[in-house]
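Working notes, structure below.
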């Protein structure tokens, strides 16, 4: 059976390091790292995510600010708040929780965030830095950054000679994941719904990243023996065995099947998920270090 990659444990280690480095930063006379989270409307899932992010920020010793705004707020008013946070020297990271109401242009809001405070890594400047390998100052989207850390725990930092296949080409996960793997000297293929003979391509992968949003699409016979599998998917499906109307969470990989062939695999839940918030904290701390004129810490 494959080794289980424990994202929860790795994420806890990242948060512990963030706490320790926050204390070190303040001992050097720098400001307390500050994270501002902006949420518009009352989407229940967004409320849960935001509460978790704010709680972890406080646990790390950050100055944590939350702006909870009404769903009917105008785009102009939201952009004005972003402008104030950009100008606030006590804020190192700005996160706007998506989705936003339909009358607000999410792209315009994201691009309004100062690149050096864009801890989600969605600003075009950070996208461009990642794409050109400028990792010292780039902010990388949190989910692929966390996924990369899990891969390094299994395979090391230098992935020279390994084939990686990323299934999914989203701007949030697939594309940045491919760029991170390229920077680590992998040979990378980005696959998607229109890829010809996807199963055969997946079988060439020493590292297989599934981020396509289709429950259990990657089957056991898609997996190369000994491969490292990172399952980014999180899908809720019916679970009649638990009772009428019950559901369960599954990834984009058929876990039981793939575990028999893979060398290492992330579970769902408990794999990539916990890494996302941990890397948000790491990005905020990195922003604070750079603002203080210090080299960003590694994780």
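In the working numbering, the protein residues as written are 12 to 310.
Glycine included, every Cβ here is placed at the ideal spot set by N, Cα and C.
| Query | Result |
| --- | --- |
| Name the DSSP beta bridge partners of residue 219, please? | 176 and 240 |
| Check residue 258 in the structure and name its three-state DSSP category. | strand |
| Between residue 38 and residue 304, what straight-line distance do the alpha-carbon atoms span, to the nearest angstrom? | 15 Å |
| In the DSSP assignment, find the unbroken beta strand (DSSP E) run with residue 45 in it and report its ends. | 45–51 |
| For residue 206, name the three-state secondary structure that DSSP assigns. | coil |
| Where residue 41 and residue 249 are concerned, what is the direct C-alpha to C-alpha distance, given to the nearest angstrom? | 50 Å |
| Are the region 157–172 and the region 122–139 touching by the rule of at least three beta carbon pairs closer than 8 Å? | no |
| Could you give the first and the last residue of the continuous alpha helix (DSSP H) run that contains residue 58? | 55–70 |
| Would you say the region 228–242 touches the region 255–263, given that touching needs at least three Cβ pairs under 8 Å? | yes |
| Pick from 146, 89, 140 and 143: whose alpha carbon is nearest that of residue 124? | 89 |
| How many Å lie between residue 215 and residue 209 at the Cα? | 10 Å |
| If I measure Cβ to Cβ from residue 109 and keep anything under 7 Å in the same chain, skipping five residues before and after, which residues do I get? | 117 |
| Say whether chain B places a C-beta atom closer than 7 Å to the C-beta of residue 17. | In summary, chain B is missing from the structure at hand, where a single protein chain is found. |
| Can you tell me which of the three DSSP states residue 301 falls into? | helix |
| Can you give me the Cβ contacts of residue 13 inside the same chain, cut-off strictly under 7 Å, excluding the 5 residues immediately before and after it? | 270, 273, 274, 275 and 276 |
| Residue range of the alpha helix (DSSP H) that residue 120 falls in? | 117–123 |
| Could you give the first and the last residue of the continuous beta strand (DSSP E) run that contains residue 79? | 74–80 |
| Looking only at its own chain, which residues have a Cβ that is under 7 Å from the Cβ of residue 98, when we skip the five neighbours before and after it? | none |
| In chain order, what residues of the same chain lie with their CB nearer than 7 Å to the CB of residue 92, ignoring the 5 residues before and after it? | 49 and 78 |
| On the DSSP bridge list, what partners appear for residue 14? | 275 |
| Which first and last residues belong to the alpha helix (DSSP H) in which residue 106 is found? | Here residue 106 belongs to no alpha helix (DSSP H); instead the beta strand (DSSP E) covers 104–107. |
| Count the C-beta pairs between the region 176–184 and the region 143–150 that are closer than 8 Å, then say yes if the count reaches three, no if not. | no |
| Output yes or no for whether 7 Å exceeds the beta carbon distance between residue 288 and residue 64. | yes |
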